Amino acid sequence: MRRREHLVARALTALGLAASLAYLTWRVGISTWGPWWLAVPTLLIEFVAVAGSALLAWALWPMPAAARPPHPAATRPENGSEGAALVRVAVDVLVRVTDQADHEVRATLVAAAAMRGVQRVLLVDHSGRPGMAALAEEMGAIPVPLTATPSGPSALASVTQAATPWCVVLAAGDIPSIDLVDRLAPHLDDPTVAVVQGLGRSFAEDSPEHGPNRRHELTFEWTGLNPALGSRGVAMWLGTGAVVRLDALRDVAAVAGTHPLESHWMATSDLLAAGWKVVAPDVTVLARRSLSSEAAVHVDRADRARIARRMLLGGGGALRRGPLPLHARLAHLAWAVRPLSGFRRTAFLAVLCGALLAGQVPFTAGLVPLLALWLPAFLATSLGLSLLSGWTLQPGDRTRWSLHTLGPVWSSLRAQPATRSSGHLRVPALYGAGLTVAVVALSIVLAMRGLSERVTHTLGELRQGHLLALLLVSLWTLALSLDLLRVLARRAQLRRSPRVVAALTATLGDLGVTVVDMTPLGAGLLSITPAAVGEQMTLTTAIPTSTGITDVAIPCTVRNSMVRGGEWRIGVEFGRLESAAAVALAEFCSIEPMWERMGAMPGRSVTEARPIVYLPDPEDAGPARLAVRALALAALLGAVASGLPGRADAAETVTRHLHVTVVAGASAGDPEDGVPVDTGVPDTLVDHDEPVATTEPADVASAGEDPTGEDPTGEDPTGEDPAGAGGAVVVVVCADDRGADGQWGTNDDHYLAPVSAVTGPDGSIDVEIVGQACWAAVEPPQGAAAGAPAGDPEPGAVVLTDEPRALDLADDRVTTVAVVTTSAPGDGRAAALPASPADVHWVPRAGAAAQAEPTGPATATGPADLPTPPAPPTAADGTTDALGVLNLAVLVVAVLLVGSLLLGMVRPRSLSRVQPL
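So in numbering that gives the first Met the number 0, spot 65 of the sequence shown is number 64, and the numbers just go up one at a time.
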């Protein structure tokens, strides 16, 4: 990375982390929280996300350039130096075998024997399959059993059986470069380095481990994160493509267990705790094998989550007391960010579904804080980390990984994989099965939301702005999930099988054929005459490799035969191979193509690498895939139904819940303690035909507490807390049209039916109001009047009297109005307003001078204008655009996903007729 790119990456990352910290501060201290069961998990999810970004930024932050050992081909080490000795001293190579096929094991053994500086090739069989010892003997390798320790068999202790001071560790199926030892051994000049982990890449274009973007999911860990940690000396020993100092390995206790990945990760912790270093040069020396089945990928991701959890929480882990240094702890935490991210994504999906079902939001925020804090944090952090990683961690990769590993992270909670009675591992779930469950759940919730919005109205009601925001997040999540499940119409929808292009003349029985592509297991042929499917035949040809030309006669079975372009395309499957033919196929199909792509093929450059073609595999159009598509379509229809305008608060009326509390007490100037309040209300004050809008329990404010949430500033001189006043009448009238004059509160407004309610014994009511402008009035209980101690009302408080007062409906929150009563001007009572609801005191009507009998609150609109509302209840005090920006965004995204799903249901059927040769 050039200097300018370094500066841009650092600046963006620093800006994103600073904005993230400011956003979290705002979320904790200023933003309005929703229900605790949504607000608290959401805040924890955000904290964990920011912490993960900070850890990755620390790990990827460039370190001062260290002196890199020169390549032996560029600068020959001086005679007698340790570097010269390391390059020239032969090393043993240990190859681990787990679930790899025989032809993959053979390819690794052949490539290991071809490396420069190799003395012996050892083979450790973890699978216990019969025939591995015979294969090792055939290839000239030495079988090594698993080493027993007091704690049980140890995969790691087998490495110490090497006879050389250093040992190269490989996993079967990986192809090392010829000069692996030459490139990695000079780093052992530093006597504190225990392991030199080589950089491995996957040169395959597609596999169950590749995403829809044709990138291997572990590219970031292999080529971005681990080399960055290696510059700090705290890289992870990946268990393949590494040179190990055996003295360092003997210095720590051998980790018990036969799982290779767990043994090497835990050995890394032990080595770092003992003061050793693990480095990872960023020079490609290994072609990594890609897993061949969805089930195998599921097991691998579950193992990674389980081991990462043990690295953090197990004995001596990063989050436990122990000798592990701080920088090693941070490295372990950074390494565990992605393997464990499925837990955070599960919580995110649970909160999202809960919010849609309950009709609640975790928090409310205006547009300005989101644009000023959240958006810079999201964009700058994502771009900064991408640049710091050399674009190996692209925007969206963390989300895709966390979605794809929803199933494996929960499978990892089992200590060990379950086994059948025969001892073989059970068939695990397919990679993506957990994601399928999440897609089904989210689709059902979206469909239910749309049905409720348009038909049943059974789910909790959401403001249109809140609903649209939740829909956009849901559609974004659903789009990424469906893309990972490969049900959308895109180029990478179908899996493909790799085949090495060949142009070899051959004979198939008596037929003259041309070999056009080949694998270690079969070949594709061209012929002018057909062959019968299922026929047993012999393929005779010559295979050219760097070691010579090998004449082979391979028994094979015809698997398919069809006419294309006037020629017959014949696919054959190889039978049992002789040793020479198997080695020639391994060199031609597996080893030399990888050497060419690594630039390690003698006499050939990277640009001259032989081509590899990928043929699409037929799609398994089973009922599960069709059900996912159907549910996704139902979810998108529900999102469209919810996103269309037409709800009450999306048109020209706004629905609010008005909470009112009337507090009674003793007057500040009355020497008496007050008299009981008559809660009887004249029939003339209450219209029983008017709707009482809600059946929800009232929000009762305790004595001496402000219902708005503010602490009271006044005190009751009697020493008793004020109590709620029952029998007070609150009347609210709203208008939904401001008329031709464009002003609210005038005669030409269209007023809705008034809503009235009587406070209960606790002095509170809860009514629902609908309209764009509303006014309210209150009438004290019969036999009582309002006494007002000296003081000013709280800023922004709505003080209701027996005259109509305008309500502020601009806030997105449920409107809570603290009601305090005072007299209208000129009635002989004190004109000062109370400072808070705790200062409202009811006094006997006889105590008021020249008190007139109450006439009830004004509820009808007369010739006189009502007070102008303090703020418009919607974004603009006019008609709302039927299709706002959020509505349009939801509709566009949903329509695009519907079209992609429908095209995805058609495209694979046309391609599924292509049968691989």
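Where a beta carbon is used, it is the ideal one built from N, C-alpha and C, also for glycine. Predicted model only: the values in this text are computed from it and were never measured.
- In the DSSP secondary-structure assignment, E566 is bridged to R563.
- Residue pairing by DSSP puts G199 in a beta bridge opposite L285.
- For S755, the enclosing beta strand (DSSP E) starts and ends at 754-757.
- Per DSSP, the unbroken beta strand (DSSP E) holding S526 starts and ends at 521-526.
- Between A346 and P40, the C-beta gap is smaller than 7 Å, which places the two residues in contact.
- Here the alpha carbons of I443 and T455 stand approximately 15 Å from one another.
- Assignment of Q160 by DSSP, reduced to helix, strand and coil, places it in the helix class.
- Here the region 392-403 makes contact with the region 212-219; the two share three or more CB pairs at distances below 8 Å.
- When secondary structure is reduced to three states using DSSP, V298 falls in the helix class.
- A Cβ-Cβ distance of about 5 Å is found for the pair S176 and M597, placing them in contact under the 8 Å criterion.
- Three or more beta-carbon pairs separated by less than 8 Å are not found between the region 355-364 and the region 233-246, which leaves the two stretches without contact.
- Counting only residues of its own chain and dropping the five nearest sequence neighbours on each side, L325 has no CB closer than 7 Å to any other CB.
- Across the set T31, A437, D91, the C-alpha of A437 shows the shortest separation from the C-alpha of A478.
- In the structure shown, the three-state DSSP call for M235 is coil.
- Considering only L896, V439, V180, the residue with the shortest C-alpha distance to R624 is V439.
- By a beta-carbon distance limit of 8 Å, L524 does not contact V532. Their separation comes to about 13 Å.
- The criterion of a C-beta distance shorter than 7 Å is satisfied by G197 and L183.
- The C-beta distance from G316 to R309 rounds to 7 Å, short enough to fall under 8 Å.
- With distances taken between CA atoms, D205 lies nearest to S289 out of T191, A327, S289.
- For G508 and P610, the gap between their C-alpha atoms comes out near 28 Å.
- The beta carbons of S411 and A301 sit closer together than 7 Å.
- Between the region 225-234 and the region 159-179, the count of C-beta pairs closer than 8 Å stays below three; the two stretches do not touch.
- In this structure, V627 sits away from G903, with a CB-CB distance that is not shorter than 7 Å.
- Rounded to whole angstroms, the separation of the alpha carbons of G199 and T239 is 9 Å.
- In the three-state scheme derived from DSSP, where H, G and I count as helix and E and B as strand, I29 is classed as coil.
- In the three-state scheme derived from DSSP, where H, G and I count as helix and E and B as strand, I542 is classed as strand.
- With a cutoff of 7 Å on beta-carbon distance, I764 and V731 are scored as not near each other.
- Per DSSP, A346 is one residue of the alpha helix (DSSP H) stretching across 340-357.
- With respect to L372, L384 sits apart: the two C-beta atoms are not nearer than 7 Å.
- Contact between R95 and P259 holds: CB atoms are separated by about 5 Å, below the 8 Å threshold.
- Rounded to whole angstroms, the gap between the alpha carbons of A357 and W743 is 34 Å.
- The region 563-579 makes no contact with the region 457-473: fewer than 3 CB pairs, one atom from each, lie closer than 8 Å.
- Look at L122 here: in three-state DSSP terms it is strand.
- Exposure of R115 is indicated by the presence of fewer than 16 other C-beta atoms within 10 angstroms of its C-beta.
- Inclusion of P338 and A294 in the CB contact set at 7 Å is not warranted, their separation being larger than that value.
- Per DSSP, the beta bridge partners of G511 are T506.
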